[in-house]
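Have a look at the structure below, then the notes.
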Amino acid sequence: TLFHLLFSLESGYEWGKGLSHEKTDAFYKEIKEKFHGEGFDTDRTGCTSQAMYLVKGKTRLYVHPMEISGYCETLHIPQITAILKKGGRTFRLVKDTIAEEVYSFTDEEEMEYYRARYGTCIHRNILDAFNNRRAGKEDILSMMASRINVATTSHLHGIGYDSPAYRFVHEAYDRLVNNGKLKENIRKTGCCNIIMAISNTNAI
Numbered sequence: 025t026l027f028h029l030l031f032s033l034e035s036g037y038e039w040g041k042g043l044s045h046e047k048t049d050a051f052y053k054e055i056k057e058k059f060h061g062e063g064f065d066t067d068r069t070g071c072t073s074q075a076m077y078l079v080k081g082k083t084r085l086y087v088h089p090m091e092i093s094g095y096c097e098t099l100h101i102p103q104i105t106a107i108l109k110k111g112g113r114t115f116r117l118v119k120d121t122i123a124e125e126v127y128s129f130t131d132e133e134e135m136e137y138y139r140a141r142y143g144t145c146i147h148r149n150i151l152d153a154f155n156n157r158r159a160g161k162e163d164i165l166s167m168m169a170s171r172i173n174v175a176t177t178s179h180l181h182g183i184g185y186d187s188p189a190y191r192f193v194h195e196a197y198d199r200l201v202n203n204g205k206l207k208e209n210i211r212k213t214g215c216c217n218i219i220m221a222i223s224n225t226n227a228i
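If you use this note's numbering, the sequence shown corresponds to residues 25 to 228, in order.
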């Protein structure tokens, strides 16, 4: 089992000011030494040269002077917590949080998860949502996707238009529109066009 972890750190880093190059290098060096000694590898394949990840098995944690966060195997949680609670020359642990379970789904496996769990009720839930709320299509679909979304190793933080949860909800919405059970209307607001939808009760 994987969990989303967040360890808040105090290292002297300040928003807008950051940390001096010397202190930054010392921080990453100490983290690397402490975790290498406990069997963790470090990966610097991120988008910047400073980006560093702690890797062990399926555990993958992003390291920043303000926090260490990412997904972690259950058996590694006590080990990581113990290392960080000891603190070091360049940091101290402020808070540790286990946010939620994380699934190691591929995108297609995640879609299958939603189909299996919500396939029998998603259409009715969408119809109810559009009956009970006066909001734009995207607002309602995003809200519904957020409610069913599960954290995965590839979609750890929330949803986007390309995330499986949103695509699952949108596909169900499209079926309702194509079957005539939802009717779309376009409302012009300023320079924007907002798509609204209402239930077509005669078609249900």
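Every residue, glycine too, gets a C-beta built ideally from N, C-alpha and C.
request  = Specify, as a first and last residue, the run of the beta strand (DSSP E) that residue 132 falls within.
outcome  = Segment 131-142 is the alpha helix (DSSP H) holding residue 132; no beta strand (DSSP E) there.
ask   = Looking only at its own chain, which residues have a Cβ that is under 6 Å from the Cβ of residue 72, when we skip the five neighbours before and after it?
value = The pLDDT assigned to residue 72 is 47, lower than 50, so where the model puts this residue is not dependable; a value taken from the coordinates is nonetheless given after this. Excluding sequence neighbours, residue 72 sits near nothing in its chain.
task = Return yes when the Cβ of residue 137 is within less than 8 Å of the Cβ of residue 90, no when it is not.
result = no
ask   = If you follow the alpha helix (DSSP H) that residue 123 is part of, which residue opens it and which one closes it?
value = Note, residue 123: premise wrong, no alpha helix (DSSP H); beta strand (DSSP E) at 116-127.
ask   = How is residue 207 classed by DSSP in three states: helix, strand or coil?
value = strand
query = residue 64 lies in the beta strand (DSSP E); which residues open and close that run?
reply = Run containing residue 64: none; DSSP gives neither H nor E here.
query = In the DSSP assignment, what are the bridge partners of residue 79?
reply = 65, 84
query = Can residue 146 and residue 154 be called in contact, C-beta distance under 8 Å?
reply = no
query = Between residue 117 and residue 31, is the Cβ-Cβ spacing less than 8 Å?
reply = yes
ask   = Thinking just about the alpha-carbon of each residue, which of 208, 177, 88 is nearest to the one in residue 134?
value = 177
query = Tell me which same chain residues have a C-beta within less than 6 Å of the C-beta of residue 34, skipping the five on either side of it?
reply = 116, 118
inquiry  = Rounded to the nearest angstrom, what separates residue 40 and residue 127 at their Cα positions?
reply    = 34 Å
ask   = Looking at the unbroken alpha helix (DSSP H) that takes in residue 200, where does it start and where does it end?
value = 188-202
query = Between the beta-carbon of residue 124 and the beta-carbon of residue 27, is there less than 8 Å?
reply = yes
task = Give the range of the beta strand (DSSP E) segment to which residue 32 is assigned.
result = 26-34
ask   = Measuring CB to CB, does residue 107 end up less than 8 Å from residue 51?
value = no
ask   = Below 8 Å between beta carbons: does that hold for residue 66 and residue 56?
value = yes
message = Just to confirm, is the Cβ distance from residue 175 to residue 183 under 8 Å?
response = no
inquiry  = Using a 10 Å radius around the Cβ and a threshold of 16 neighbouring Cβ atoms, would you call residue 185 buried or exposed?
reply    = exposed
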